[in-house]
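J.: Below you'll find the structure I mean.
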Amino acid sequence: MRDDYYTPGDLGHLDEDGWLYMSDRRTDLIISGGVNVYPAEIESVLLQHPAVADVAVIGVPDDDWGQCAVALVEPAEGADPGEGLAAELLAHCGPRLAKLKNPRRLEFRESLPRTPSGKLSRRRVREAYLRGHAD
């Protein structure tokens with residue numbers, strides 16, 4: 001609450017006709033090299049590929065850029081998760097996203113954690129990723 005207003009942390013924009021479009025959550029925003037990167041934009045592109053069943057994009061610390069985008073992909077049934085598919089998915093993103101918005105890394109997961117209501121738990125995804133990549 002701020003000045004009797006509830007601020008949920010959602011990010012969005014109004015178009016010229018006054019329509020409101022939701023982009024993402026402020027807590028999920030990735031700032032890479034001073035550029036705002038919305039995980040939902042990258043996820044939308046990856047979900048267009050038939051080998052992707054689900055995906056979570058998170059921001060992780062990066063010495064050069066502040067943060068970088070990492071895509072954690074749940075492969076579709078029958079897809080062979082490996083270096084070949086990872087390269088194919090990154091190539092799929094190339095022409096569809098600005099260069100700074102392309103994931104720096106892509107890893108495969110058997111499943112992605114969900115909340116009891118079925119929503120992706122990006123917090124749990126990020127925590128598990130950082131635990132597995134601790135120095």
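Sequential numbering of the sequence shown, starting at 1, is according to full-length UniProt numbering. Even glycine gets a Cβ: it sits at the ideal position worked out from N, Cα and C.
Helix, strand or coil for R104? Go by DSSP, reduced to three states.
T.: Three-state result, R104: coil.
J.: Classify E127 as buried or exposed, calling it buried when 16 or more other Cβ atoms lie within 10 Å of its own Cβ.
T.: Exposed is the call here.
J.: Might you give, ordered along the chain, the residues of its own chain that have their beta carbon closer than 7 Å to the beta carbon of P50, omitting 5 neighbours on each side?
T.: The residues are A76.
J.: Just to check my reading of the structure: L29 and N36 have Cβ atoms closer than 8 Å, yes? What is that Cβ distance to the nearest angstrom?
T.: Their Cβ separation, rounded to whole angstroms, is 6 Å, which keeps L29 and N36 in contact under 8 Å.
J.: Can you tell me whether A53 is helix, strand or coil according to DSSP?
T.: Strand at A53.
J.: Less than 8 Å between CB atoms is the rule here; does V57 satisfy it with respect to chain B?
T.: Absent here is chain B; the protein component of the structure consists of one chain.
J.: What does the alpha-carbon distance come out to for the pair A69 and L130?
T.: For A69 and L130, the distance between alpha carbons rounds to 13 Å.
J.: Scan the region 62–105 and note each continuous beta strand (DSSP E) run of 3 residues or more that stays entirely inside, going in chain order.
T.: Taking only runs of at least 3 residues, the beta strand (DSSP E) segments lying wholly in the region 62–105 are 66–75.
J.: So S32 is in the beta strand (DSSP E); what residue range does that whole segment cover?
T.: Per DSSP, S32 belongs to the beta strand (DSSP E) from 30–32.
J.: Locate the alpha helix (DSSP H) running through S44, then write down its first and last residues.
T.: Taken as a continuous stretch (DSSP letters only), the alpha helix (DSSP H) holding S44 covers 39–47.
J.: Check for me: the alpha helix (DSSP H) holding G132 runs from which residue to which?
T.: Its alpha helix (DSSP H) spans residues 122–132.
J.: Return the CA-CA distance between H133 and L112, expressed in angstroms with no decimal places.
T.: Their Cα atoms are separated by approximately 17 Å.
J.: What does DSSP give as the partner residue(s) for G59 in the beta ladder?
T.: In the DSSP output, where bridge partners are listed per residue, G59 has A69.
J.: Does the distance from the CB of E43 to the CB of V57 come in under 8 Å?
T.: Closer than 8 Å, so yes.
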